[in-house]
Amino acid sequence: MRALTEAEVRASFVNADADELRVMEMPHDFVLTDWDYLDFFAWRDPGAGRRGYVLVQHEGRIAGVVLRASDPGRGRSGMCNICHTMQPGNQVALFGARRVGEAGERGDSVGTYMCADLSCHENVRLAHPLAPNEIRTPGQVDFRLDGTRRRMEAFVARVWATADAD
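If you count the sequence shown from 1, you need to add 2 to reach my numbering.
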């Protein structure tokens with residue numbers, strides 16, 4: 003991703019109203035963000051426990067989406083649908099996003115299970131332990147990174163999609 007200013011981030015949200023943008027808090031380490039390293043940028047709002055945000059490159063521009071999290075699970079483990087990482091149940095949450103336009107005004111939303119702290123981008127970069135006879139090929143990490151990026155872009159595209167496309 004290219005480097006963004008706070009004003010560019012706030013202007014990029016496609017499903018946010020003026021009040022949501024006004025109360026949105028940037029991550030505390032926003033000025034230290036290594037944009038060249040990111041395929042997408044996601045964070046939980048430090049001032050609002052259930053709100054999160056994600057920015058992706060979509061159709062040639064940066065698109066931001068406001069997310070609402072459910073309470074994480076308590077017992078069983080779960081899998082994040084973005085990074086395909088198995089997590090303890092309390093580290094995966096259902097995130098929903100209001101759709102864009104008239105569909106969102108009617109209350110339509112889309113949702114998926116994600117890492118509760120929105121750390122999908124970092125999770126796919128962690129090396130998974132290998133089985134005794136397993137060999138890691140150079141393309142495995144790149145394959146996981148590309149898949150995570152594509153799945154996050156597809157989620158944002160579902161938020162952006164018009165009701166006619168459904």
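The beta-carbon is built from N, C-alpha and C at its ideal position, and this holds for glycine as well.
What's the gap between the Cα of G13 and the Cα of V67? Against the sequence shown, residue 13 aligns to sequence position 11. Against the sequence shown, residue 67 aligns to sequence position 65. Looking at the sequence itself, residue 13 is Ala, so the reference to Gly does not match. The C-alpha of A13 lies about 11 Å from the C-alpha of V67.
Give, in chain order, every unbroken run of the beta strand (DSSP E) that is at least 3 residues long and sits entirely within the stretch 20-73. For secondary structure counted as the beta strand (DSSP E) over 3 or more consecutive residues, the stretch 20-73 holds these complete runs in sequence order: 42-46, 53-60, 63-71.
What residue range does the beta strand (DSSP E) around R100 cover? Residue numbering aside, residue 100 sits at position 98 when the sequence shown is read from its first letter. For R100, the uninterrupted beta strand (DSSP E) run begins and ends at 94-100, by DSSP.
Spatial distance of A5 from S72 (CA atoms): Against the sequence shown, residue 5 aligns to sequence position 3. Against the sequence shown, residue 72 aligns to sequence position 70. Taking the straight line joining both Cα atoms gives about 30 Å.
In the DSSP assignment, find the unbroken alpha helix (DSSP H) run with V11 in it and report its ends. As a working mapping, residue 11 is identified with position 9 in the sequence shown. For V11, the uninterrupted alpha helix (DSSP H) run begins and ends at 8-13, by DSSP.
Go ahead and label R24 buried or exposed: buried means 16 or more other beta carbons lie within 10 angstroms of its beta carbon, across all protein chains shown. Residue numbering aside, residue 24 sits at position 22 when the sequence shown is read from its first letter. In this structure R24 is exposed. Its beta-carbon is surrounded by fewer than 16 other beta-carbon atoms within 10 angstroms.
Sort out for me which residues DSSP pairs S121 with in a bridge. Residue 121 sits at position 119 when you count from the first residue of the sequence shown. Note: S121 sits in no beta bridge, so no partner.
Under the three-state DSSP convention, the category V112 falls into: One-based indexing of the sequence shown puts residue 112 at position 110. V112 falls in the strand class under three-state DSSP.
Is there contact between the stretch 40-50 and the stretch 91-110, where contact requires at least three CB pairs shorter than 8 Å? Counting Cβ pairs under 8 Å, fewer than three are found: no touch.
Option nearest Q93 by Cα separation, candidates N125, I64, A99, L69: Within the sequence shown, the letter at position 91 stands for residue 93. Of the candidates N125, I64, A99, L69, the one whose C-alpha sits nearest the C-alpha of Q93 is N125.
Below 6 Å CB to CB, which residues in the same chain sit around T87 once its five sequence neighbours on both sides are set aside? Residue numbering aside, residue 87 sits at position 85 when the sequence shown is read from its first letter. N125.
Expressed to the nearest angstrom, what Euclidean distance is found between the alpha-carbon atoms of R152 and E61? The count along the sequence shown starts at 1 and reaches residue 152 at position 150. The count along the sequence shown starts at 1 and reaches residue 61 at position 59. Going by the C-alpha atoms only, they are around 13 Å apart.
What first and last residue would you give for the alpha helix (DSSP H) that runs through A105? Position 103 of the sequence shown, counted from the first residue, corresponds to residue 105. Looking at the DSSP string, the run of the alpha helix (DSSP H) that includes A105 is 104-107.
From this set, E8, F42, D19, Y39, which residue's C-alpha is nearest M28's C-alpha? Here residue 28 corresponds to residue number 26 of the sequence shown, with the count starting at 1. For M28, the nearest C-alpha among the options comes from E8.
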